[in-house]
Amino acid sequence: MGAAAGYFPHFQRIQGRRNLTIEDHLQRIVHARDKSLFCAYTGLHISDADKLAPEHIHGELIRIEAGKTGIVCLLPFIDDDVLKPVQLVAKYAGRGLPTYLPAAHELDAYLPHVAHFAGITLLRVASRIGRKTFMSTRIY
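All the letters of the sequence shown, read from the start, carry residue numbers 1 to 140 under full-length UniProt numbering.
This is the structure we're talking about:
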């Protein structure tokens, strides 16, 4: 399994990608973190966050049709003391991407690594947590 398997508890789930370098894996971990954070900041489902493009942003508002239900969602697009969606989108601006954030390949396979780096041990981190986190932080 290799030395990395001991450091990354879920490495076996992505170990089959032998053509990827360590830098490629780390970049995917960063993309997984950023995509998950964006979902937590906006409440978007991961599939809707994947398609978020410039035509969906209208000033301080995200207007996007939910892929699952077809309902038009209106969401705040502002930074505050806790949530920073505008700052996160600005991080990837000017990279020529068709959407605001890069694709997070195999998001749920990389999120355990994000949790490991963040010191999260008592919670299984998965893509669905973003929406739940959004609701928890907005109810304060």
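Note that the Cβ used here is the ideal one computed from N, Cα and C, for glycine as well.
Item: Buried or exposed (CB count within 10 angstroms, at least 16 for buried), ARG33; Value: buried
Item: Distance CB(ILE29)-CB(TYR110) smaller than 8 Å; Value: yes
Item: Cβ-based burial, ASP48 [other Cβ within 10 Å; buried from 16]; Value: buried
Item: Span separating the alpha-carbon of ILE120 from that of VAL114; Value: 9 Å
Item: C-beta atoms of ILE71 and LEU52 nearer than 8 Å; Value: no
Item: According to DSSP, residues forming a beta bridge with HIS113; Value: Paired residue(s): none; HIS113 is not in a bridge.
Item: Inter-residue CB distance, LEU107 and SER127 (contact presumed, cutoff 8 Å); Value: 5 Å
Item: Short Cβ contact (8 Å threshold) for LEU88 with PHE38; Value: yes
Item: Same chain, Cβ closer than 8 Å to ALA66, neighbours up to 5 away in sequence not counted; Value: HIS45, ASP48, VAL72, CYS73
Item: Top-ranked residue by Cα proximity to TYR41, from ASP79, LEU26, GLY94; Value: ASP79
Item: Short Cβ contact (8 Å threshold) for ALA118 with HIS31; Value: no
Item: N- and C-terminal bounds of the alpha helix (DSSP H) containing VAL89; Value: 85-91
Item: Every unbroken alpha helix (DSSP H) inside the segment 26-58 [4 residues or more]; Value: 46-51
Item: Cα-Cα separation between LYS35 and ARG131, rounded to whole angstroms; Value: 12 Å
Item: For LEU107, three-class secondary structure by DSSP; Value: helix
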